[in-house]
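Please read the structure below before turning to the comments.
Chains as they are written, first to last, in this note's numbering: chain A, 16 to 449; chain B, 16 to 449.
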């Protein structure tokens with residue numbers, strides 16, 4: 016088998032065989048396939064596409080480039096959630112403790128923020144002492160002890176994906192549904208889970224800008240998961256406006272505690288409950304979604320979810336007292352309010368612009384190697400649909416560096432639209448895929 | 016400027032600007048652009064294409080990756096020919112001395128054979144002592160002394176092409192008319208010529224299998240040449256059957272001497288005269304094609320062409336006595352005839368299969384690093400249209416190694432078709448592009 020023949024076949028719109036895809040992934044993993052051949056094939060795949068079967072084979076080959084974790088020794092249904100990424104999207108920190116409190120085992124491997132979207136690991140590391148780099152053995156022990164572990168991807172998990180992801184980033188081959196699907200699903204399948212709920216974001220602040228593309232991605236992900244023996248379903252949620260009222264790592268952690276205390280913003284609470292309820296049904300600890308949602312809301316009302324989060328934090332070396340004393344979290348020394356230029360209704364609060372403003376403040380990163388400031392970020396004082404008077408604060412920027420503030424003000428100001436009429440309310444959950 | 020943005024632009028079907036193309040070629044040449052980005056862009060170009068303007072910019076950037084040779088100090092019109100490659104295509108060795116004998120200056124830089132097609136340098140090196148690696152200064156001195164130099168590409172000529180060509184070969188990005196055009200024309204323009212005649216081959220033994228593709232390539236090449244101030248025209252010639260009766264390096268050299276002695280095969284003589292006549296007109300030493308053709312045929316009849324070839328050979332260190340004593344050329348120790356399996360007419364003599372059989376014998380190479388045996392090859396005893404009786408020889412294989420012979424017999428046998436009716440004669444020159 017020659018790499019160049021595989022490239023030519025896909026270039027000319029052909030369908031690759033299982034062996035050809037395996038040859039490619041093995042070569043990428045062990046370094047025998049030069050990266051210039053890998054990138055040519057990635058471009059051919061991006062342009063010509065891949066069938067459902069090819070995508071499943073690619074995913075499977077990527078899973079087998081490393082280890083598929085065996086969690087069968089741990090009692091209970093192992094269920095995870097994955098979001099395609101958005102601004103203010105912090106549901107993982109809410110639903111993992113809630114799902115664990117309701118009886119699931121949640122082995123959650125997450126990533127870091129890149130570009131305008133945040134990452135779960137960065138948020139967790141805003142908690143003093145919290146260690147995300149657990150070994151597989153430590154992860155398993157945590158699952159037994161507290162029903163949940165929230166960690167970074169270990170080196171054993173889909174190593175082909177690490178190489179391909181880095182290559183795609185610099186060769187213009189990111190925006191391919193088959194490649195995105197295989198990247199996401201190979202990591203999730205390798206975690207050793209029984210079931211998976213996906214939150215596919217759609218809109219200006221999402222990776223997929225249109226509902227049609229988001230649905231295509233959701234369908235691809237769900238089909239791969241189910242074909243690999245992982246019960247998988249997806250919801251499609253709007254990401255035109257940031258989720259919740261906080262953007263930035265420590266600020267988002269606080270908002271998660273607020274949701275777990277029953278006083279978080281409605282949009283964030285609703286999506287978190289919906290996702291957790293679906294996890295419970297897929298994991299078999301609830302028989303229907305309505306009953307499951309009730310169970311989740313009870314775990315909030317009773318404080319069990321919050322208590323479970325304290326135990327998870329403690330188990331991973333963090334200071335659980337932050338849940339009750341937010342002053343123990345890093346906070347930025349300065350505040351700057353961006354106010355309404357006129358009276359009216361907020362008609363637009365563009366998620367991507369808010370995300371980019373937050374990155375400007377230091378809350379996120381443009382390049383993988385950049386450091387993140389856990390303290391800085393943005394609090395949304397008025398969101399889409401709210402009435403404002405001229406001079407009212409809309410965004411409160413929490414900053415450290417005045418130079419960074421100036422850049423963030425520009426980006427944040429672009430996010431805001433004010434009009435004369437209140438915009439129609441739009442549903443947050445716009446679709447689902449089984 | 017970021018390479019990834021250029022890749023994405025072309026990937027999405029956009030038109031690249033002159034600066035973007037320059038950035039790419041400069042990066043490839045000085046090594047600052049990683050080859051995985053270059054190959055992703057090459058694949059995007061192959062799939063999305065390039066406008067005439069983009070192709071011209073690419074060619075120009077590749078010319079300027081090295082030196083454009085200055086031949087203005089040498090009196091006379093500097094004219095070259097380029098063929099896109101075929102089987103038995105040895106016209107360069109015939110037309111270069113003829114054109115020089117008729118008053119042109121011919122600075123000919125050629126390549127080596129690869130795959131089923133032969134290369135001018137390999138043929139010249141079949142002549143004992145012939146040196147193809149002249150420096151630019153040696154080349155200029157030869158042009159002044161004998162009006163012609165036939166050499167390999169020097170390192171100063173379009174270095175970007177060397178890198179890109181090697182990369183295209185292993186990344187499935189060879190078959191792109193803009194990339195092929197820029198590769199050919201950058202080298203020819205950098206030679207410092209005033210005019211260029213192209214022989215674009217078409218058919219089963221050519222790189223372009225259809226006349227439509229060959230015409231598109233010819234049009235692309237001619238437009239780039241003229242835009243760069245090199246008067247350029249092209250003929251399109253059939254390459255379904257080998258050109259002439261000899262395939263293999265020393266055997267082809269002998270056939271060239273035969274043509275220059277006025278007793279070569281008609282097809283090879285006609286194409287050589289046609290190409291030379293066009294060179295004379297483009298170079299301004301003849302006013303019309305018919306008169307030019309007469310002038311060329313006179314140079315054959317008078318022996319001036321042959322005499323000029325002797326002087327070129329001597330100038331480049333070769334033994335000019337080979338022209339009159341073929342025994343001074345390498346020859347293979349053994350012969351094997353492939354005969355007609357039945358009586359009838361030869362209806363097919365597939366150029367690619369004959370070329371591959373010749374490569375099997377050792378006359379060509381599958382990989383750039385392979386060595387070539389100058390002595391081995393194939394003599395065509397009966398070609399398309401000839402009547403044969405069962406047992407008549409059709410191909411005579413000149414071989415050294417019996418194991419290689421076995422492989423060659425298989426390939427050569429596949430080349431031959433015999434039928435009951437004489438096939439209609441087909442023209443050799445099927446089109447022209449100005």
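Yeah, the Cβ is synthetic: ideal placement off N, Cα and C, and Gly gets one too.
Per DSSP, what kind of secondary structure is residue 163 (chain A) in: helix, strand or coil?
In the first chain, counting from the first residue as 1, residue 163 (chain A) sits at position 148. Three-state result, residue 163 (chain A): strand.
Using a Cβ-Cβ distance cut-off of 8 angstroms, determine whether residue 61 (chain A) contacts chain B.
Your numbering for residue 61 (chain A) matches position 46 in the first chain. Interface residue, yes.
Using the C-alpha atoms, what's the distance from residue 324 (chain B) back to residue 315 (chain B)?
Translated into the one-based positions of the second chain, residue 315 (chain B) becomes position 300. Translated into the one-based positions of the second chain, residue 324 (chain B) becomes position 309. Whole-angstrom Cα-Cα distance: 11 angstroms.
Do the segment 64 to 81 of chain B and the segment 244 to 257 of chain B touch if we need at least three Cβ pairs shorter than 8 angstroms?
no
List the whole-angstrom C-beta distance separating residue 132 (chain A) from residue 108 (chain A), where the pair is believed to meet the contact cut-off of C-beta under 8 angstroms.
For this step, residue 132 (chain A) is matched to residue 117 along the first chain. For this step, residue 108 (chain A) is matched to residue 93 along the first chain. The pair is not a contact, with the Cβ atoms about 15 angstroms apart (cut-off 8 angstroms).
For residue 62 (chain A) and residue 181 (chain A), what's the separation of their Cα atoms in angstroms?
Residue numbering aside, residue 62 (chain A) sits at position 47 when the first chain is read from its first letter. Residue numbering aside, residue 181 (chain A) sits at position 166 when the first chain is read from its first letter. Rounded to the nearest angstrom, the two C-alpha atoms are 19 angstroms apart.
Would you call the CB atoms of residue 110 (chain A) and residue 291 (chain A) closer than 8 angstroms?
The count along the first chain starts at 1 and reaches residue 110 (chain A) at position 95. The count along the first chain starts at 1 and reaches residue 291 (chain A) at position 276. Against a cut-off of 8 angstroms, the Cβ pair of residue 291 (chain A) and residue 110 (chain A) comes out as a contact.
Is the CB-CB distance between residue 194 (chain B) and residue 60 (chain B) below 8 angstroms?
Here residue 194 (chain B) corresponds to residue number 179 of the second chain, with the count starting at 1. Here residue 60 (chain B) corresponds to residue number 45 of the second chain, with the count starting at 1. Closer than 8 angstroms, so yes.
Since residue 290 (chain B) meets chain A, which of its residues come closer than 9 angstroms, beta carbon to beta carbon?
Mapped onto the second chain, residue 290 (chain B) falls at position 275. Near residue 290 (chain B) there are no residues of chain A at all, since even the closest Cβ is about 33 angstroms away, more than 9 angstroms.
Give the range of the beta strand (DSSP E) segment to which residue 213 (chain B) is assigned.
Here residue 213 (chain B) corresponds to residue number 198 of the second chain, with the count starting at 1. Taken as a continuous stretch (DSSP letters only), the beta strand (DSSP E) holding residue 213 (chain B) covers 210 to 217.
Taking residue 400 (chain A) as the reference, give the member of A:430, A:438 and A:406 with the closest Cα.
Translated into the one-based positions of the first chain, residue 400 (chain A) becomes position 385. Considering only alpha carbons, the answer is A:438.
For residue 360 (chain A), report the span of its alpha helix (DSSP H) as first-last.
Translated into positions along the first chain, residue 360 (chain A) becomes position 345. No alpha helix (DSSP H) holds residue 360 (chain A); the beta strand (DSSP E) holding it covers 359 to 364.
Meets three-Cβ-pair contact criterion under 8 angstroms: the segment 37 to 54 of chain B and the segment 200 to 210 of chain A:
no
State the start and end residues of the unbroken alpha helix (DSSP H) segment that holds residue 34 (chain B).
Translated into the one-based positions of the second chain, residue 34 (chain B) becomes position 19. 33 to 45 is the span of the alpha helix (DSSP H), which, as asked, contains residue 34 (chain B).
If I follow the unbroken beta strand (DSSP E) through residue 114 (chain A), where does it start and stop?
One-based indexing of the first chain puts residue 114 (chain A) at position 99. Looking at the DSSP string, residue 114 (chain A) is not in any beta strand (DSSP E); the run it does join, the alpha helix (DSSP H), is 106 to 116.
Check the Cβ of residue 374 (chain A) against every Cβ in chain B and list those closer than 8 angstroms, keeping chain order.
Here residue 374 (chain A) refers to the residue found at position 359 of the first chain. Under the 8 angstroms cutoff, chain B gives no residues; its nearest Cβ is about 18 angstroms from residue 374 (chain A).
Endpoints, the alpha helix (DSSP H) within which residue 284 (chain B) is located:
Sequence index remark: in the second chain, residue 284 (chain B) carries index 269 (1-based). Looking at the DSSP string, the run of the alpha helix (DSSP H) that includes residue 284 (chain B) is 281 to 297.
Boundaries (first-last residue) of the alpha helix (DSSP H) holding residue 316 (chain B)
Indexing the second chain from 1 puts residue 316 (chain B) at position 301. Here the alpha helix (DSSP H) through residue 316 (chain B) covers 304 to 316.
On the premise that residue 366 (chain A) lies in contact with residue 189 (chain A), defined as a C-beta separation below 8 angstroms, what is that separation, rounded to the nearest angstrom?
For this step, residue 189 (chain A) is matched to residue 174 along the first chain. For this step, residue 366 (chain A) is matched to residue 351 along the first chain. At roughly 19 angstroms, the Cβ-Cβ gap does not stay under 8 angstroms, so residue 189 (chain A) and residue 366 (chain A) are not in contact.
Along the segment 22 to 44 of chain A, what residues have a CB closer than 7 angstroms to any CB found in chain B?
Contacts with chain B (Cβ-Cβ distance below 7 angstroms) from the segment 22 to 44 of chain A involve 22, 23 and 26, listed in chain order.
Could you check whether the segment 402 to 412 of chain A touches the segment 379 to 388 of chain A, counting it as contact only if at least three pairs of C-beta atoms, one from each stretch, sit closer than 8 angstroms?
no
Please report the Cβ distance between residue 58 (chain A) and residue 26 (chain B), rounded to the nearest whole angstrom; I am assuming they are in contact, meaning their Cβ atoms lie under 8 angstroms.
Here residue 58 (chain A) corresponds to residue number 43 of the first chain, with the count starting at 1. Here residue 26 (chain B) corresponds to residue number 11 of the second chain, with the count starting at 1. 7 angstroms between Cβ atoms; contact.
Reduced DSSP secondary structure (H/G/I, E/B, other) of residue 237 (chain B)
As a first step, residue 237 (chain B) is located in the second chain; it is residue number 222 there, counting from the start. Three-state DSSP puts residue 237 (chain B) in a helix.
Kindly indicate which three-state DSSP category residue 408 (chain B) falls into: helix, strand or coil?
As a position in the second chain, residue 408 (chain B) is number 393, starting the count at 1. Note: residue 408 (chain B) maps to strand in three-state DSSP.
For a contact meaning CB atoms closer than 7 angstroms, what does residue 50 (chain A) contact in chain B?
For the purposes of this step, residue 50 (chain A) is taken as the residue at position 35 of the first chain. In chain order: 51.
When you compare the CB positions of residue 369 (chain A) and residue 226 (chain A), do they come within less than 8 angstroms of one another, or not?
Position 354 of the first chain, counting from 1, holds the residue named residue 369 (chain A). Position 211 of the first chain, counting from 1, holds the residue named residue 226 (chain A). No, Cβ-Cβ distance for residue 369 (chain A) and residue 226 (chain A) is not below 8 angstroms.
Use the C-beta contact count for residue 16 (chain B): other C-beta atoms within 10 angstroms, 16 or more gives buried, fewer gives exposed.
Numbered from 1 along the second chain, position 1 holds the residue referred to as residue 16 (chain B). By the neighbour-count rule (16 or more Cβ atoms within 10 Å), residue 16 (chain B) is not buried but exposed.
For the segment 375 to 403 of chain A, list every residue whose C-beta sits within 9 angstroms of some C-beta in chain B, in sequence order.
Cβ contacts with chain B come from no residue of the segment 375 to 403 of chain A.
Considering just the uninterrupted stretch of the beta strand (DSSP E) at residue 121 (chain A), what are its terminal residues?
Taking the first residue of the first chain as 1, we reach residue 121 (chain A) at position 106. Looking at the DSSP string, the run of the beta strand (DSSP E) that includes residue 121 (chain A) is 121 to 125.
Taking C-alpha atoms, which residue in B:346, B:322, B:231 and B:345 lies nearest to residue 335 (chain B)?
Taking the second chain and counting its residues from 1, the one referred to as residue 335 (chain B) is at position 320. The shortest C-alpha separation from residue 335 (chain B) is found at B:322.
At a Cβ cut of 7 angstroms, what residues of the segment 182 to 203 of chain A count as close to chain B, listed as they run along the chain?
182, 185, 186, 187 and 188
Let me see if you follow: with CB-CB separation under 8 angstroms, is residue 55 (chain B) close to chain A or not?
Taking the second chain and counting its residues from 1, the one referred to as residue 55 (chain B) is at position 40. Output row for residue 55 (chain B): interface = yes.
For residue 436 (chain A), count neighbouring Cβ atoms within 10 angstroms of its own Cβ and tell me buried if that reaches 16, exposed if not.
Within the first chain, residue 436 (chain A) is the residue found at index 421, counting from 1. When all chains shown are included, residue 436 (chain A) counts as exposed.
Measure the CB-CB distance between residue 55 (chain A) and residue 54 (chain B) and report whether it falls below 8 angstroms.
One-based indexing of the first chain puts residue 55 (chain A) at position 40. One-based indexing of the second chain puts residue 54 (chain B) at position 39. Their beta carbons are under 8 angstroms apart, which means residue 55 (chain A) touches residue 54 (chain B) by this criterion.
Consult DSSP for residue 448 (chain B) and reduce its assignment to one of helix, strand or coil.
Counting from one through the second chain, the residue named residue 448 (chain B) turns up at place 433. Looking at residue 448 (chain B) - three-state DSSP - the assignment turns out to be strand.
Can you list the alpha helix (DSSP H) stretches of 4 or more residues lying completely in the segment 43 to 80 of chain A, in chain order?
50 to 63 and 67 to 78
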